[in-house]
Amino acid sequence: MAYVDIVDEIARLKRERNAVILAHYYQESEIQDLADFLGDSLALAKHAQKTDADVIVLCGVRFMAETAKVLNPGKTVLLPDLDAGCSLADGCPASAFAAWRAKYPDHAAVSYINCSVEVKALSDVICTSSNAVKIVKALGDRPILFAPDRNLGRYLEQQLGKPMRLWPSTCIVHETFSQRALVKLMAEHPDAEVIAHPECEEPLLRLAHFVGSTSALLARVAASPARTFIVATESGILHQMRKAAPDKELLPLPGQDGCGCNECPHMKRNTLEKLRDCLRDLRPAISIEPELLRRARRSVDRMMELGASA
Ligand code: 13P
Ligand code: SF4
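According to the numbering used here, the sequence shown is numbered sequentially starting from 728.
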């Protein structure tokens, strides 16, 4: 079917279903272009919280759709491809996380939103890369267990001067960025500003001029006086960066050995066809057992409260 026909069909199905399409910046550009709302993990969760649509299609990965469902138990939440996972969530099984928590009963468990709904239910509070500094700061002197992203955890330790116990998972995309390629690009473009997501490895973050969530990186490209940027995050974000700052030069940082692995294979599982099919069939839908949902909701609500008040 031609591109325009699929786009028309999606628009028709969306009206019929009273659906809203929320998409992450790492989605394919064609999905970004027809989304009703685009955002980072925090913005997607906040938007899901206030929508009055009956159906939410979350074009992102599973933990994002689960968060939308936790915030909207009465709505249908669809994920175009149910296998769109996340290496951080996969690297932190709930049973192992529960055992780790049990060893440190005096610690507050702060979990990055990139985790399963089961891990959310076992956590005290959730954070995203947008609000993690605020959330950890708001917990004051309490010792912290931070899961599952070791790199974000290390970055927070440095920002806050506070050691934490870190779960050892990483993002398969951000961990592959090549420091050698970065040093080479920096030498070729000495005026370029290096911007990086905090899921990158520590040695790379040390070279960055600006570190932030996907929304923060996008805002930085538009606001910075720099004309050239070396972008150390998933390449899907370049689509919005080009729109926000068409006159600026954007240099995506390649992975090790120049591989194309700066694309998240999970995010890219969603396609226009799968988006159309899920709106037509109302599946795959996210379903979470009520007691699990209630416990996960507590830690997500805590994030929203601390994020708003801190
Ligand atoms: P953001 O919270 O910055 O959108 O990051 C989510 C993510 O999965 C990055 O890899
Ligand atoms: Fe997970 Fe990394 Fe993909 Fe983000 S880019 S969804 S952290 S695997």
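For glycine and all other residues, C-beta sits at the position ideal for the given N, C-alpha and C.
Please read these numbers as outputs of a predicted model, since none were measured by experiment.
| Asked | Found |
| --- | --- |
| Evaluate contact between the stretch 774-788 and the stretch 739-755, counting only Cβ atoms and requiring at least three cross-stretch pairs below 8 angstroms. | yes |
| With a threshold of 7 angstroms (Cβ to nearest heavy atom), would Glu961 be considered close to ligand 1? | yes |
| In chain order, what residues of the same chain have a beta carbon less than 7 angstroms from the beta carbon of His966, not counting five sequence neighbours either side? | Ser756, Gln759 |
| Among Ala946, Pro981, Ser951, which residue has its Cα nearest to the Cα of Ser962? | Pro981 |
| For Leu909, which residues in the same chain have their Cβ closer than 8 angstroms to its Cβ, ignoring the five residues on either side in sequence? | Val921, Leu931, Leu934, Ile957, Ala959, Leu980 |
| In chain order, which beta strand (DSSP E) runs of at least 3 residues are fully inside the stretch 756-820? | 764-766, 782-786, 803-805 |
| Three Cβ pairs or more, each shorter than 8 angstroms: is that satisfied between the stretch 875-884 and the stretch 811-821? | yes |
| Does the Cβ of Lys802 have 16 or more other Cβ atoms within 10 Å, making it buried, or fewer, making it exposed? | buried |
| If you measure between the beta carbons of Val852 and Leu887, is that distance less than 8 angstroms? | no |
| Checking the sheet assignment: what are the DSSP bridge partners for Asp876? | Ser896 |
| For the candidate residues Pro952, Met994, Cys991, Ser905, whose alpha-carbon lies nearest to that of Lys975? | Pro952 |
| Please return the same chain residues whose Cβ sits closer than 7 angstroms to the Cβ of Asp810, not counting the five positions on each side in sequence. | Arg996 |
| Is it true that the stretch 937-950 meets the stretch 911-925, where meeting means three or more beta-carbon pairs spaced less than 8 angstroms apart? | yes |
| Does DSSP classify His966 as helix, strand or coil? | helix |
| The alpha helix (DSSP H) with Cys1005 in it runs from where to where? | 999-1008 |
| Taking 7 angstroms as the cut-off, is the C-beta of Cys1005 nearer than that to any heavy atom in ligand 1? | no |
| According to DSSP, is Leu866 part of a helix, a strand, or is it coil? | coil |
| Judging by CA-CA distance, which residue of His936, Arg742, Leu849, Glu845 is the nearest neighbour of Glu1016? | Glu845 |
| One question on the structure: do Cys1005 and Tyr753 come within less than 8 angstroms of each other, judged by their Cβ atoms? | no |
| Starting from the C-beta of His774, find all residues in its chain whose C-beta is less than 7 angstroms away, skip the five residues before and the five after it, and write them out in chain order. | Leu749, Phe764, Gly766 |
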